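Novice:
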Ligand code: SAH
Ligand code: SF4
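In the numbering used here, the protein residues as written are 6 to 354.
1) Would the C-beta of residue 76 count as close to the ligand SAH, meaning under 6 Å from any of its heavy atoms?
2) When DSSP builds the beta bridges, which residues end up paired with residue 100?
3) What is the DSSP secondary structure of residue 46, reduced to helix, strand or coil?
4) How long is the line joining the alpha carbons of residue 304 and residue 274, rounded to whole angstroms?
5) For residue 123, count the other beta carbons within 10 Å of its own beta carbon; 16 or more makes it buried, fewer makes it exposed. Which is it?
6) Candidates 159, 130 and 153: which alpha carbon is nearest residue 145's?
7) Quick check on DSSP: helix, strand or coil for residue 248?
8) Given the structure, does residue 195 come close to the ligand SAH, in the sense that its CB is under 6 Å from one of the ligand's heavy atoms?
9) What's the C-alpha gap between residue 126 and residue 118?
10) What's the gap between the Cα of residue 229 and the Cα of residue 218?
11) If contact is defined by three or more beta carbon pairs under 8 Å, each pair taking one atom from either stretch, is the stretch 284-304 in contact with the stretch 45-52?
12) Enumerate in chain order the residues of its own chain whose CB-to-CB distance from residue 27 is below 8 Å, with the five nearest sequence positions on each side excluded.
13) Give me the Cα-Cα distance between residue 168 and residue 177, rounded to the nearest whole angstrom.
14) Terminal residues of the continuous alpha helix (DSSP H) containing residue 115?
15) If I measure Cβ to Cβ from residue 344 and keep anything under 6 Å in the same chain, skipping five residues before and after, which residues do I get?
16) May I ask you to check if the CB of residue 102 is nearer than 6 Å to at least one heavy atom of the ligand SF4?
17) For the ligand SAH, any of its heavy atoms closer than 6 Å to the Cβ of residue 229?
18) Using three-state DSSP, classify residue 41 as helix, strand or coil.
19) Using the beta-carbon count (16 or more within 10 Å), is residue 349 buried or exposed?
20) Candidates 150, 142 and 200: which alpha carbon is nearest residue 94's?
21) I need the boundaries of the alpha helix (DSSP H) containing residue 158, first residue and last residue.
22) Do you know whose CA, among 46, 98 and 32, lies nearest residue 40's CA?
23) Could you check the C-alpha separation between residue 194 and residue 306 for me, to the nearest Å?
24) What does a CB cutoff of less than 6 Å around residue 308 pick up in its chain, not counting 5 residues either side in sequence?
25) List the whole-angstrom C-beta distance separating residue 269 from residue 221, where the pair is believed to meet the contact cut-off of C-beta under 8 Å.
26) Could you pull out every unbroken beta strand (DSSP E) segment of at least 3 residues lying fully inside the stretch 210-282, listed in chain order?
27) Which partner residues does residue 74 have in the DSSP bridge list?
28) Which partner residues of residue 321 appear in the DSSP bridge assignment?
29) Can you list, in chain order, the stretches of the alpha helix (DSSP H) that have 4 or more residues and sit fully within the stretch 125-186?
30) With DSSP as the reference, identify every bridge partner of residue 286, one or two as the case may be.
31) How close, in whole Å, do the beta carbons of residue 43 and residue 340 come, if the pair is a contact with beta carbons under 8 Å?
32) Using a Cβ-based criterion (distance less than 6 Å to any ligand heavy atom), does residue 61 qualify as near the ligand SAH?
33) Given a cut-off of 7 Å on the beta-carbon distance, is the pair residue 68 and residue 108 in contact?
34) Flag residue 305 as yes when its Cβ comes closer than 6 Å to any non-hydrogen atom of the ligand SAH, and as no otherwise.
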């Protein structure tokens with residue numbers, strides 16, 4: 006697809022044409038990654054963050070959120086629930102910290118989860134920017150996928166979304182380093198950001214291709230009142246939701262064999278959001294398995310869903326929702342990105 010074709014679809018508001026794009030994206034998904042949905046049980050284990058992204062509810066300067074960090078035992082117990090429930094993989098996510106105690110904590114944690122699940126659980130990390138040495142230590146401990154969103158591929162827009170000491174170039178460098186180490190690399194953007202244009206979003210999709218990305222996790226931008234970005238007007242959640250679905254479909258049409266998540270932010274804006282995401286071309290769901298007592302302190306944006314539903318309840322609810330659209334769940338499978346293996350084999354030849 007050319008950039009013009011992508012922007013035309015992003016700008017299109019003819020419901021019939023949009024439905025046709027979703028149908029086509031679904032067909033491409035079926036042909037390239039199948040109709041199986043893979044789970045990554047996400048544990049949001051700490052909201053302590055040293056950064057100050059202007060859009061995020063757990064940014065350092067938001068003093069109205071009490072901070073927490075789960076203990077290793079609690080995280081491991083939650084991880085083993087995921088293993089028993091047949092969720093093949095985990096995502097460990099938190100605010101960003103680069104201090105030695107945190108690096109050691111995560112290294113030990115990853116190693117313990119790998120050992121106690123006898124290697125069964127695939128581990129994805131989403132812990133922000135780190136030194137290459139740290140990425141390597143966590144890889145050696147057993148993590149094999151890393152999610153680091155670029156947030157937007159427009160460096161000027163990136164600057165407007167972050168304080169002066171957060172660097173777009175550093176983010177790009179991290180993506181390169183993760184790939185060099187051998188991780189399956191995931192990135193993504195927020196959709197519907199203030200000042201973001203259709204052209205920016207089309208460039209985001211071209212960025213995924215140019216960087217040979219394996220996994221995509223993107224979702225609508227959702228305002229959080231205790232952030233500097235809440236003061237910027239023009240927030241339109243319904244628009245951001247539709248654009249979120251369109252971006253999934255266009256990414257599937259353009260990249261074909263990557264893993265694409267139907268993210269929680271879609272569900273925050275529409276109770277059917279994740280199913281609609283799957284029908285627009287996504288193939289990954291990240292059920293929230295964070296213990297309920299911590300969830301209200303990990304709100305990156307408002308109206309985060311399922312704040313009071315525990316992981317066992319979510320399991321049943323989600324299975325029914327996925328069954329209702331005729332898809333199968335890949336229990337006990339890692340569901341790695343087919344693109345990753347193609348990338349690896351082509352780099353060997
Ligand atoms: N600290 C790590 C991981 C946690 S944040 C990091 O920043 O990479 C994970 C993602 O949440 C971010 O990459 C961002 O895209 C998303 N996020 C934060 N605030 C958001 C908001 N208000 N609306 C939608 N997504 C948001
Ligand atoms: Fe911290 Fe990540 Fe939120 Fe930025 S987006 S403030 S790094 S948790």
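Cβ atoms here follow ideal geometry from the backbone N, Cα and C, with glycine treated the same way. What you are looking at is a predicted structure, and each value in this text was computed from that prediction instead of being measured.
Specialist: In short:
1) no
2) For residue 100, which the question treats as bridged, DSSP gives no partner whatsoever.
3) strand
4) 14 Å
5) exposed
6) 130
7) helix
8) yes
9) 8 Å
10) 29 Å
11) yes
12) 250, 254, 284, 285 and 286
13) 17 Å
14) 105-121
15) 219, 262 and 263
16) no
17) yes
18) strand
19) exposed
20) 150
21) First-last for residue 158: undefined, no H or E at that position.
22) 32
23) 15 Å
24) 273
25) At roughly 15 Å, the Cβ-Cβ gap does not stay under 8 Å, so residue 269 and residue 221 are not in contact.
26) 220-225 and 264-267
27) 51
28) Per DSSP, none; premise fails for residue 321.
29) 137-146, 160-166 and 173-186
30) Answer is none; residue 286 lacks a bridge partner.
31) 3 Å
32) yes
33) no
34) yes
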